[in-house]
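Going by my numbering, the sequence shown opens with residue 7, and the numbers climb by one from there. These notes are about the structure you will find just below.
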Amino acid sequence: MTTPARGLKLEGRDAVSRSIEGVTNWMHLFRWIVKLIRDDYGVDEKILTRTAVLETDCGLSIEQVEEVLDIVADSFAIRFPQGTLDEVLKLEELCLLAAWLKGMFKRPDFISDGFEAKCRAMNASAGA
7 MTTPARGLKL
17 EGRDAVSRSI
27 EGVTNWMHLF
37 RWIVKLIRDD
47 YGVDEKILTR
57 TAVLETDCGL
67 SIEQVEEVLD
77 IVADSFAIRF
87 PQGTLDEVLK
97 LEELCLLAAW
107 LKGMFKRPDF
117 ISDGFEAKCR
127 AMNASAGA
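Put into structure tokens, the structure is as follows:
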């Protein structure tokens, strides 16, 4: 099985694109992802803070994190390259990366130069 973290879809499954109406900046995108995780995975919203680690704090399995990446990618028409889960551990990091790939935010400081190059090659809308 391939993973969206590698820039590919999970075999035999299509992520369901969700409406992104009203998502115009990284804070709206953060809230959108919080609602996704809360509603689809039953995670208490009190846990879904900026510093929450997706697997340990939020209690998501690696497969669930991959599903979240897949839904975000489909909904926002962005692509996450191979190695995304090596660069992104926290909820805030996922939000900032997605916002940057969509052109809503500056390049996140936490990503490596090599990962930045992969992201830019796959996402023409990646911001400065």
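All C-beta atoms in this analysis are idealised placements derived from N, C-alpha and C, irrespective of residue type, glycine included. Here the structure is a predicted model, which means the values were calculated and not measured.
Quick check: the Cα distance between residue i and residue j, rounded to an integer number of angstroms?
i	j	result
Ile26	Trp38	8 Å
Phe111	Pro87	18 Å
Gly48	Val74	13 Å
Phe121	Met33	23 Å
Pro114	Val59	17 Å
Ser131	Leu95	23 Å
Quick check on the burial criterion: 16 or more other C-beta atoms within 10 angstroms. Buried or exposed for residue i?
i	result
Ala127	exposed
Arg19	At Arg19 the pLDDT is 43, less than 50, meaning the model places this residue with poor confidence and gives no usable figure here.
Ser81	buried
Do you know whose CA, among the options, lies nearest residue i's CA?
i	options	result
Trp106	Arg44, Gly28 and Leu35	Leu35
Asp46	Asn31, Ile77, Gly28 and Thr55	Ile77
Tell me, please, which residues DSSP counts as bridged to residue i.
i	result
Val59	Lys96
Is it true that the CB of residue j sits closer than 8 Å to the CB of residue i?
i	j	result
Arg56	Glu98	yes
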